[in-house]
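Below is one structure, written out as structure tokens; the observations come after it.
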Amino acid sequence: MLDRPNPAGRPVEGLRLRGGWESFVGAGPLPMRHGLTLGELGSWFIATLKLDLEYRVIEMQGWRPDAAPGFGWPLGERAWINPSPNAPNLWMARAYPGTVMLEGTTLSEGRGTTRPLELFGAPDIDARRVISEMQALAPQWLGGCRLRDCWFEPTFHKHAGKLCNGVQIHTEDPGYDHQAFKPWRLQALAFKAIRRLNPDYPLWRDFPYEYEQGKLAIDVINGSALLREWVDDGAATPGDLDALAVADEKAWLGERQAHLRY
């Protein structure tokens, strides 16, 4: 296969998929941010699933996932071709390991706007209060980007035609820090803040998701119920989620090492 850049680069973040939670959107025990190229990922799947096949990767030349300003994407050197209608730019790709979870919620992920999957909101949330609560709960999870409260009106999808108050995640300015940015933790923290501000808020969508029946979409996306349970547990702290995630992240960093080509 012809290898290609991972626009999110090398950082690793998130809980790994648990056994029994495999789905169309989660085929193996990966964290949300795995930090592999497609060619490397194929190698990992072959080893993990013990696949018997011939596999050859045509490697990239000069891929520099730690180099600014692209950090994995050759910004200014190559055109961005949308891999999906709502994947319009590099900034979306950076935020996506967190904002993808919005698909399992009642919050708009910005579909129907010009910045899909870079923002979130709804007509009935107070974005400034949400940001303030996030900063109070775990300011260490908000580094590397800027959060800005905003108003938007989706033209289609969730809350279409309704004015939404929301939060935009900015990763496109000189203040972006690739190593400090933690989109998965940031989005989890936003859910936690909304739950703390309004314990009865109908946050989770209950509908068939990606061919899965009988499981909440947020759980399918995360590969377990652990994140949702953390959000809904009033006594659970950011440290509790961090302890689970750090253990998974450290294990994954060791496991992926054999498959790195660059």
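Here the sequence shown is numbered in our numbering, starting from 176 and rising by one per residue. The beta carbon of each residue, even a glycine, is placed where N, CA and C say it ideally should be.
Determine the DSSP secondary structure at residue i, reduced to helix, strand or coil.
i: S283; result: strand
i: A418; result: helix
i: A313; result: coil
i: H434; result: helix
i: I344; result: strand
i: W196; result: coil
i: I369; result: helix
i: L250; result: coil
i: C184; result: The displayed chain sequence assigns Gly, not Cys, to residue 184. Coil, per DSSP.
i: G217; result: helix
i: E387; result: strand
i: W379; result: strand
i: R304; result: helix
i: R360; result: helix
i: G350; result: coil
Compare the C-alpha of residue i against each of the options and name the closest.
i: H434; options: P260, E328, K367, G214; result: G214
i: R290; options: K425, M267, S198, R371; result: M267
i: Y386; options: P182, R191, F199; result: F199
i: P260; options: C325, W248, R286; result: R286
i: N181; options: E308, I393, P258; result: P258
i: G273; options: D407, G414, I393, G429; result: I393
i: R193; options: L419, V305, Y437; result: L419
i: L402; options: D417, Q388, G389; result: D417
i: F246; options: S283, E278, P186; result: P186
i: K390; options: W196, R191, G184; result: W196
i: I396; options: Q388, A313, Y384; result: Y384
i: L322; options: D241, G341, P249; result: G341
i: W255; options: W316, G279, R179, V305; result: R179
i: E248; options: V232, L265, H209; result: Looking at the sequence shown, residue 248 is not Glu but Trp. Per the Cα distances, L265.
i: G409; options: R436, R370, Y351; result: R370
i: E293; options: L277, Q315, V305, E252; result: L277
i: F382; options: L361, Q432, G279, R253; result: G279
i: D423; options: T412, Y437, G398; result: G398
i: G318; options: L361, K337, C339, R303; result: L361
i: W326; options: L228, P314, Q388, E284; result: E284
i: Q432; options: G203, H209, G201; result: H209
i: C339; options: Y351, T288, T412; result: T288
Report yes or no: is there a C-beta of chain D within less than 7 Å of the C-beta of residue i?
i: A400; result: You won't find chain D in this structure, because it holds only one protein chain.
Taking the beta strand (DSSP E) that residue i belongs to, which residues open and close that run?
i: L294; result: 294–297
Quick one: measure Cβ to Cβ for residue i and residue j, integer angstroms, because I've assumed they're closer than 8 Å.
i: L226; j: W219; result: At roughly 11 Å, the Cβ-Cβ gap does not stay under 8 Å, so L226 and W219 are not in contact.
i: E188; j: M207; result: 6 Å
i: E308; j: A243; result: Actually they do not touch by this definition, with Cβ atoms about 32 Å apart.
i: F356; j: C320; result: 5 Å
i: T281; j: L378; result: 6 Å
i: H345; j: P298; result: With 8 Å as the limit, H345 and P298 do not qualify as a contact, their Cβ atoms being about 22 Å apart.
i: G184; j: H353; result: 6 Å
Over what stretch of residues does the alpha helix (DSSP H) that includes residue i continue unbroken?
i: D324; result: Counting along the chain, D324 falls outside any alpha helix (DSSP H), though it belongs to the beta strand (DSSP E) covering 321–327.
i: D407; result: 401–407
i: V395; result: 392–397
i: T274; result: 265–274
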